Amino acid sequence: MQNPETTLPSILTYQGIPVWRHAQIIQWVAQIASAILVVALVMWFFGNMAFAIEDREIPFGFSFLGREYQTPIGEHVLPYKSSDSFLYALVVAATNTLVVAVIGVILATLLGIFIGVCRLSTNWIVSKLATVYIEFFRNVPLLIQLFFWFYIILALPRVREGYVILDGLYVNNAGISFPGPSASGTMPALVWLALVVAAVVVGVFLHHRLVRREEEIGRPSYPFVLGCVATVGIAAIAWLVLSGIFGDAPFSISMPAPEGRFGRIDGGVTVRAGMLVLLVGLVIYTSSFIAEIVRAGIQSVGRGQTEAARALGLSPMNTLRQGTFPQALRVIIPPWISQCLNLTKNSSLGGVVGYTDLTNVAITMTQTAPAINIFLMLMAAYLAMSLTWSLIGNLYNRRIGFTG
Amino acid sequence: MAAETQTPTANVLPPPRTEVGVIGWMHANLFSSRLNSALTVVSGALLLLILWYGSRWIFGTADWTVVKTVGGLFLIGSYNTELACPGQNCFWRPQGSLLMVTALLGMIWGIMGGGVARRIAILTAVVAALFAFLPYSLERMGWDVRILLLANVPATAIGWALARYTPLGQAKWAVVWGVAAFLITLVLLRGVPNVPGLQPVSVVYWGGLTLNLLLAVGGISLSLPIGIALALGRRSNLPVVKLLCVAFIEIFRGVPLITLLFMSQTLVPLAFPEDFPQNSLFRAAVVITMFSSAYMAENIRGGLQALHPGQAEAARALGLPGWQTTMLISLPQAIRNVIPAIVGQFIALFKDTSLVYIIGMVDIVEMGRVFISRPEYLGSAREMFVFLAIVFWVFTYGMSYISRRIENHLGVGQR
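Protein chains in written order, with the numbering used here: chain A, 19 to 422; chain B, 1249 to 1663.
See the structure below:
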């Protein structure tokens, strides 16, 4: 049984804190007010935009995606021709950005770790050289660096008179060419690649098992060596078997060679000038940041850890590999992820050095297609990339139990 | 007893010669082991190669005429050309704002009383004054301009004297003067209609290093407070506020700045009524500031997260209300802990001002690019970009140097 006197008119006879000083009520009012304000502002923007679209007949809509783009894309990793659709052109451009981002992140990380370790070297010259490298390249705008490398590459000789370093390495103002794999057929190549992936999985699994065995029985079981042997062995056997079945090796090495009147280079792998400049600029710029991150990470590990590892008899290399570095990784990974994201976003400067990245193609497209829709797609694409990087970072953080 | 335990001084040998002095230093730092010696040889050879080819290029093969010829245009772009400022010499306007800046630096010197502040103030004044003696002519640069440049030295002295001998020598008056100088600079550069000598100059003609510095100063001074607000909003326990802040931060951090800048010129005008006053430079400045604020918010959030919760709890236990806990206890410590990240963001913002080429503004980098595309300077691209790199480096390295001094001063990492 409830007392009607306390339930029904409780709002009227409320005797607690006055409403205008009640913290929770104030907070909710403030929240609702700010939400209304933001929504109203956004509505006003979109209203104006909708009015402008109607009034000034600004093109709008996603129907352009199926149309033929009919504009060449300077450099592309995927095959592309002018009669392809807008949608496919955007996919080609996004692939360009992704390729630069992935290669750039790998190279910048390797170079950054190298420079960062150099900076901590006890050798005076090495550490000072690394310091100068870091302080210079991270303090100068990427745009200036890209222009600098662009004009360096531009000053290289033309393909006909280009440098030939070691037979098969061509350097000229069209880019850099080196020997690369060439698939003899789609089927054997795909089968072999699939088997290689399987071999890597087997190798990693074996490595894990052997590490655990090593910890259990306390005697070395060579997990790394045996894992590698398993992977390489399976891949090699697959190669031989496939060669036997198809009568031809899945891949052959193709050598670049100048062809034709204008000296185009055929065969091998060619990194063309735009991508080369962009990669060089991005890798050098980002590696200077990563070097500082690596240095801070290594320094964050207490000296006692190193000393303890040395006291246990670990070699300096093993101290770094098994003692310091795994602990430093916890400090390194979060800022490293944000540098990966920065590199991906900075690749949007590719346009100034002649690399047709996503932003560059999208900006060109706005001349023949509705700008509003293109920018919506562009933002969505970059947000997807940045969220992917964040996801990788979060997964890693969860795995190593890093809370922060 | 003391005599027994003391070793006779005659038996104390000097340390081995391989452990002290130049040889000792070299032994410890260059040749401590076989590997280290090999490293020294390789890196020393590399260093010598760089020095040899570098100096040969700088003093021999490089042709610096393009840098000399462009000269003053690097500083103000096409601000003082006939198109921008017909029939008048407008060079004194950026000059006037420079005078205000040097006076401000003098004032900061007076307040701080020596150290970095003194060095920066004197260096700026001297460099500015030296421009008056440069042999090449700044475009349409007369005696009045040269005298104004020389006046930077007395301006610094006046600022210093005001700070030392009048009640103006307080940090808050320096801030007031700094804000005033920035606003006066904007008015001075933009001009006022119907005032003789102050005819309006379209922002299209603003350029050169002045443009970079204006965008950087405006962006820096606004992105810090906005970033703090966003960081606090993101950590707040009000779901709606938190959602809005997270959305703002993630959207602005996830998209490249040049995409945002391009959108600010093509899409943002559509979002306002047609008769709304529009200014492309202002839109660009807003976008750069918001982009930087999103990063700043994450830096400050990092500082707040690293703070021990005991600090805030102690403040609450002492009876401080929530906002005072934040403003007096949490924020100052959080900001102190992330000074390097904040200054790093300032530097990033300054570097990002070079991206305004995307909206057609001619900043110092674009100015250089315009010049090297002229037929007479076609081969001078490398010289130009090395010069521009050094210009940016001086400013950015100066900023990181000051931040390290402030860190030392505040005792970061020692308490």
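Every residue, glycine too, gets a C-beta built ideally from N, C-alpha and C. It should be emphasised that the depicted structure is a prediction, and the values quoted were computed from it without experimental measurement.
Exercise for the section: Could you pull out every unbroken beta strand (DSSP E) segment of at least 3 residues lying fully inside the segment 178-231 of chain A, listed in chain order? Expected result: Taken in chain order, the unbroken stretches of beta strand (DSSP E) that lie wholly in the segment 178-231 of chain A and span 3 residues or more are 181-183, 187-190, 193-196, 198-201.
Practice task
For the beta strand (DSSP E) holding A/T288, just list the boundary residues, first then last.
Solution key: Segment 287-290, the beta strand (DSSP E) holding A/T288.
Handout entry: Test: A/Y373 CB closer than 8 Å to a CB of chain B
Key = Not an interface residue.
Handout entry: Other residues of its chain near A/N415: CB distance less than 6 Å, five sequence neighbours each side excluded
Key = For A/N415, where only same-chain residues beyond five positions count, there are no Cβ hits under 6 Å.
Exercise for the section: Consult DSSP for A/R74 and reduce its assignment to one of helix, strand or coil. Expected result: The DSSP-derived three-state label of A/R74 is coil.
Practice task
Could you tell me which chain B residues have their CB closer than 9 Å to the CB of A/Q49, listed as they occur along the chain?
Solution key: The contacting residues are L1486, P1487, V1488, V1489.
Practice task
Taking 8 Å as the cut-off, decide whether the C-beta atoms of B/L1323 and B/T1458 are in contact.
Solution key: Yes.
Practice task
Taking a Cβ distance cut-off of 8 Å, strictly less, list which residues of the segment 1298-1316 of chain B are near chain D, in chain order.
Solution key: Although the question refers to chain D, the structure presented lacks it and instead comprises the protein chains A and B.
Handout entry: Spatial distance of B/E1614 from B/A1596 (CA atoms)
Key = If you draw a straight line from the Cα of B/E1614 to the Cα of B/A1596, it is about 18 Å long.
Exercise for the section: Taking only the alpha-carbon atoms, compute the straight-line gap between A/K363 and B/V1503 and give it to the nearest angstrom. Expected result: Going by the C-alpha atoms only, they are around 7 Å apart.
Exercise for the section: Name, please, each residue of chain A whose Cβ falls closer than 8 Å to the Cβ of B/R1617. Expected result: Within 8 Å of the CB of B/R1617, the CB atoms of chain A belong to F165, in sequence order along the chain.
Practice task
Could you check if B/M1348 is buried or exposed, using at least 16 other CB atoms within 10 Å of its CB as the buried criterion?
Solution key: When all chains shown are included, B/M1348 counts as buried.
Exercise for the section: Determine the chain A residues that contact B/W1641 at a beta-carbon separation under 7 Å, and present them in chain order. Expected result: Neighbours of B/W1641 on chain A, chain order: F154, N157, V158.
Practice task
Return no unless some Cβ of chain B is closer than 8 Å to the Cβ of A/G422.
Solution key: Residue placement at A/G422 cannot be trusted, given a pLDDT of 41 that sits under 50; the coordinates are not used to answer.
Practice task
Could you say which of A/M205, A/I263, A/G251, A/T115 lies nearest to A/V379 if we only look at CA atoms?
Solution key: Per the Cα distances, A/T115.
Exercise for the section: Pull up the distance between the alpha-carbon of A/I252 and that of A/I235, whole angstroms please. Expected result: For A/I252 and A/I235, the distance between alpha carbons rounds to 28 Å.
Practice task
Identify which residue in B/G1616, B/I1590, B/N1527 has its Cα closest to the Cα of B/I1476.
Solution key: Per the Cα distances, B/I1590.
Practice task
List the residues that DSSP assigns as beta-bridge partners of B/G1222.
Solution key: There is simply no residue 1222 of chain B to check, as chain B begins at 1249 and stops at 1663 in what is shown.
Handout entry: Strand pairing of A/S275, partner residues [DSSP]
Key = The displayed chain sequence assigns Ala, not Ser, to residue 275 of chain A. Per DSSP, A/D284.
Practice task
Measure from the C-beta of A/S318 to each C-beta in chain B and report whether the shortest distance is under 8 Å.
Solution key: Chain B, which has no Cβ nearer than 8 Å to the Cβ of A/S318, makes this no.
Problem - Counted within 10 angstroms of its Cβ, other Cβ atoms place A/A242 as buried (16 or more) or exposed - result: The question names Ala, yet the displayed sequence has Phe at residue 242 of chain A. Around the beta-carbon of A/F242, fewer than 16 other beta-carbon atoms lie within 10 Å, marking it exposed.
Practice task
Would you grab the beta carbon distance between B/N1485 and A/W142 for me? Rounded to a whole angstrom, and I think it's under 8 Å.
Solution key: Between A/W142 and B/N1485 the Cβ distance is about 52 Å, and since that is not below 8 Å, they are no contact.
Practice task
Would you mind sorting A/D185 into buried or exposed? The rule is 16 or more other CB atoms within 10 Å of its CB.
Solution key: Exposed.
Exercise for the section: Taking only beta-carbon positions, decide if B/R1652 is within less than 8 Å of chain A. Expected result: By this cut-off, B/R1652 is not an interface position.
Practice task
Anything in the segment 1491-1512 of chain B with a Cβ closer than 8 Å to a Cβ of chain A? List those residues in chain order, please.
Solution key: With the criterion set as a beta carbon lying under 8 Å from some beta carbon of chain A, the members of the segment 1491-1512 of chain B are L1492, E1498, I1499, R1501, G1502, V1503, P1504, L1505, I1506, T1507, F1510, M1511, in sequence order.
Exercise for the section: Report the neighbours of B/G1292 on chain A: residues whose CB is nearer than 8 Å to its CB, in chain order. Expected result: At a C-beta separation below 8 Å, B/G1292 has these neighbours in chain A: I143.
Problem - Own chain partners of B/V1610 with C-beta closer than 6 Å, once the 5 adjacent residues on each side are dropped - result: For B/V1610, the CB contacts under 6 Å within the same chain, skipping 5 residues up- and downstream, are G1325, G1455 in chain order.
Exercise for the section: Inspect the beta-carbon positions of A/F165 and B/R1617 and report whether they are closer than 8 Å. Expected result: It is a contact, given that the beta carbons lie within the stated cut-off.
Exercise for the section: Output, in chain order, the set of chain A residues within a Cβ distance shorter than 7 Å of B/P1473. Expected result: Within 7 Å Cβ-Cβ: nothing; B/P1473 doesn't reach chain A, min ~17 Å.
Problem - Beta-carbon proximity check, A/A291 vs A/G193, cutoff 8 Å - result: In contact: A/A291 and A/G193 (Cβ atoms closer than 8 Å).
Practice task
With 8 Å as the threshold, decide whether the Cβ of A/S52 is near any Cβ in chain B.
Solution key: At a cut-off of 8 Å between beta-carbon atoms, A/S52 makes contact with chain B.
Problem - Touching by the beta-carbon criterion (3+ pairs, under 8 Å), the segment 282-297 of chain A and the segment 154-171 of chain A - result: Because the criterion of three Cβ pairs below 8 Å is met, the segment 282-297 of chain A and the segment 154-171 of chain A touch.
Exercise for the section: Give me the Cα-Cα distance between A/Y181 and A/L174, rounded to the nearest whole angstrom. Expected result: Each residue's Cα considered, the two are about 9 Å apart.
Practice task
Tell me whether the beta-carbon of B/R1483 lies closer than 8 Å to the beta-carbon of B/R1549.
Solution key: Yes, the pair counts as a contact, with Cβ atoms nearer than the cut-off.
Exercise for the section: Assign A/D375 to buried or exposed, taking buried as 16 or more other Cβ atoms, counted over all protein chains shown, within 10 Å of its Cβ. Expected result: Burial call: buried.
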